[in-house]
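Data block below; observations after.
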Amino acid sequence: MKRFYSAVGASDMAALRSICEVVDDPSYNVDWMRKWKGRSSVVVRPRTTEEVSAVLKYCNQRQLPIVPQGGNTGLVGGSVPVKDEIILSTRRMDSINGLRDGVVKVEAGVILENLDSYLKDQGFAAPLDLGAKGSCTIGGNAATNAGGLRFLRYGSLRGSIVGLEVATADGTVLDAGYSTGLRKDNTGYPIHELFIGSEGTLGVITKIALAVPASSAVVNAALFSCESFNQVRGVLATARRTCAEILSACEFFDSEARRCVLEYEPGTTDPLGDDAAFRVLVETSGSHATHDREKLEGLLTDLDVLDGVIAPDATKAAQLWRLREGISDAMTSRGYVHKYDLSLPLEHMYDLVTQTRDRVPPNTTVAGYGHLGDSNLHLNVVAAGDDENANYELAAVLEPWIFDRVLELNGSISAEHGLGQSKNSLLSRAKSPAMLALMRKLKHTMDPRHILNPYKVLPPSI
Ligand code: FAD
Ligand code: 2HG
Ligand code: ZN
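Per my numbering, the sequence shown starts with residue 156, numbered consecutively.
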């Protein structure tokens with residue numbers, strides 16, 4: 156359906172400026188991968204919920220479209236305008252409003268790493284961690300229902316968010332469990348859940364009440380080398396059994412991903428010298444050094460792998476993590492990355508990477524890595540050279556073939572990154588007509604003038 160929005164004029168600029176800071180900064184138009192570029196010259200930078208509400212109220216009346224933006228680290232083009240939509244940046248809303256009974260209250264623009272440090276000082280930890288922690292915001296994490304490296308231990312972020320404050324399209328401020336911040340509250344519909352993972356299309360999240368776990372006194376990491384994906388799966392199964400309650404992460408990457416990181420970051424080292432097909436990184440987090448160490452050493456003994464090493468200290472453990480967390484950056488440095496973030500049954504997870512290698516032209520980089528414990532594969536494909544045509548040709552080789560394979564296997568075409576503008580046209584393949592109709596109704600109800608993050612999440616025809 157075609158929508159006609161107003162264009163921002165001089166009187167709009169004056170009205171917005173009377174509400175909050177307004178800047179014209181082209182860097183907000185470009186996403187982290189430099190794949191998607193908008194052409195907005197209006198970035199509003201509110202500091203308070205009241206300012207967010209006033210901006211939305213004004214834009215709704217004038218039918219001016221708005222893109223909420225946090226740290227702009229999203230990987231599906233959701234945080235940048237498609238055309239010249241106004242950008243609403245939450246970066247100045249970065250207060251931490253206190254911690255009580257294991258629930259922390261924060262403004263949406265708080266950077267994840269800052270929240271984690273604040274919590275650490277008080278004996279707690281954020282229930283999520285991701286490679287973009289130094290830039291992404293907790294509001295963006297909530298809006299994308301981000302997964303990441305601690306999912307195996309703490310589950311979906313959705314499960315840790317106990318309440319939100321949200322400004323809806325017409326500027327109404329909803330207190331959806333934020334002020335009480337209760338872990339248990341079954342009075343009526345869980346409205347806050349609607350906004351988690353809605354990628355800025357239903358409202359602007361202004362504050363978050365987040366249940367946080369106690370931090371772990373003892374953290375260990377180990378790296379294993381495996382010659383087959385069967386062995387990789389064996390590591391997960393054995394780690395679940397042997398490490399049990401202290402298992403906190405289980406990640407894997409293949410030799411192509413490893414090669415890319417080692418080439419991109421000269422300081423990176425891999426303590427295992429071999430060139431095996433896979434590495435698996437296992438982390439444990441517990442409270443008793445001897446007990447935890449014994450469990451991890453037991454794992455080393457129980458496993459059928461080529462080689463393995465336990466990091467002797469925190470510095471060496473961080474070096475192991477760098478090998479895994481540096482992959483995204485390393486891939487981006489090689490050119491335009493065709494990214495697939497897939498949920499797949501574990502037994503078929505790596506077949507897709509092998510089949511992709513068989514389909515693409517020689518010298519194409521095909522790397523497979525991801526969150527083994529969550530059956531979440533990241534498949535990154537980069538064409539050889541800088542030729543734009545080669546990229547189009549590569550896309551035609553990869554799509555829709557990859558999506559067909561994933562859907563045949565009852566997988567998900569977006570496990571944790573969302574849909575944004577990159578995968579929204581696929582939604583009708585992933586959801587039934589009845590589900591799509593309900594989503595459409597919801598969008599109309601919450602945002603009847605469609606000002607919030609247009610052209611994202613829902614398929615273009617909706
Ligand atoms: P942005 O990129 O600014 O926005 C993302 C989406 O949320 C957009 O649709 C935007 O409109 C909306 N949004 C932002 N703030 C708000 C708000 N306050 N209210 C309403 N809507 C809002 N993701 C994972 O899930 N797991 C990972 O392991 C992971 N690792 C990553 C590693 C790297 C190196 C990078 C670059 C990205 C990674 N990501 C990962 C993707 C990304 O970091 C996450 O999606 C993150 O949650 C986005 O947060 P952000 O603040 O940058 O949001
Ligand atoms: C990760 O797990 C992120 O490293 C990014 O989700 C994956 O860049 C990617 O494809
Ligand atoms: Zn990931």
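Glycine is no exception: its CB is placed at the ideal position from the N, C-alpha and C atoms.
- Scanning its chain for C-beta atoms nearer than 6 Å, with the 5 sequence neighbours on each side dropped, one finds around A466 the residues A376, A472 and L475, in chain order.
- In this structure, the CA atom of L436 is about 27 Å from the CA atom of Y491.
- In the three-state DSSP reduction, G336 falls in the coil class, being neither helix nor strand.
- With a cut-off of 7 Å, the C-beta of H446 is classified as distant from the ligand ZN, since no heavy atom of the ligand falls inside that distance.
- In the structure shown, the three-state DSSP call for I351 is coil.
- Within its own chain, the residues whose Cβ lies closer than 8 Å to the Cβ of F350, once the five positions on either side in sequence are excluded, are A297, A298, L319, V321, A331, L357, G358 and I360, listed in chain order.
- Taking 7 Å as the cut-off, one finds no heavy atom of the ligand FAD near enough to the beta carbon of S587.
- For the 8 Å CB-CB criterion, T204 and V328 form a contact.
- Counting along the chain, the unbroken alpha helix (DSSP H) around R396 starts and ends at F384 to T397.
- Around S498, the same chain offers S530, N531, G566, S567 and A570 as residues with beta carbons nearer than 7 Å, after the five sequence neighbours per side are excluded.
- Burial is judged here by how many other beta carbons sit within 10 angstroms of a residue's own beta carbon; H526 has at least 16 and is buried.
- For P588, the uninterrupted alpha helix (DSSP H) segment begins and ends at P588 to M601.
- Non-local beta-carbon contacts of T487 in its own chain, meaning distances under 7 Å to residues more than five positions away in sequence, involve M188 in chain order.
- When the five nearest sequence neighbours on each side are left out, the beta carbons in the same chain lying within less than 8 Å of the beta carbon of Q277 are those of L254, in order along the chain.
- For the pair L171 and T423, the Cα-to-Cα distance works out to about 47 Å.
- Checking the 7 Å criterion, the Cβ of T299 is within range of a heavy atom belonging to the ligand FAD.
- Counting only residues of its own chain and dropping the five nearest sequence neighbours on each side, R448 has a CB closer than 7 Å to the CB of N375.
- For G441, the beta-bridge partners assigned by DSSP are V373.
- Residue A404 holds the alpha-carbon nearest to the alpha-carbon of P282 among A550, T600 and A404.
- Residue E438 holds the alpha-carbon nearest to the alpha-carbon of D468 among E438, R200 and K596.
- Ranking R560, V207, S580 and V515 by CA distance to the CA of A539 puts V515 first.
- Residue pairing by DSSP places I241 opposite I221 in a beta bridge.
- Between the alpha carbons of M601 and L582 lies a gap of roughly 20 Å.
- Taking a contact to require three or more Cβ pairs closer than 8 Å, the stretch 244-264 and the stretch 332-339 qualify as touching.
- If you compare the alpha carbons of R308, F384, P421 and V390 with that of S410, the shortest gap goes to F384.
- Residue nearest to S208 within the set P223, S195, V197 and R194 is P223 (criterion: CA-CA distance).
- N535 has its Cβ nearer than 7 Å to a heavy atom of the ligand 2HG.
- V612 and Q576 have their C-alpha atoms roughly 7 Å apart.
- Bounds of the beta strand (DSSP E) holding K260 are V258 to E262.
- The Cβ atoms of L461 and E382 lie closer than 8 Å to each other.
- Distance check between V177 and each of I242, L478, G229 and G193 places I242 closest, using alpha-carbon atoms only.
- Per DSSP, the beta-bridge partners of C405 are V437.
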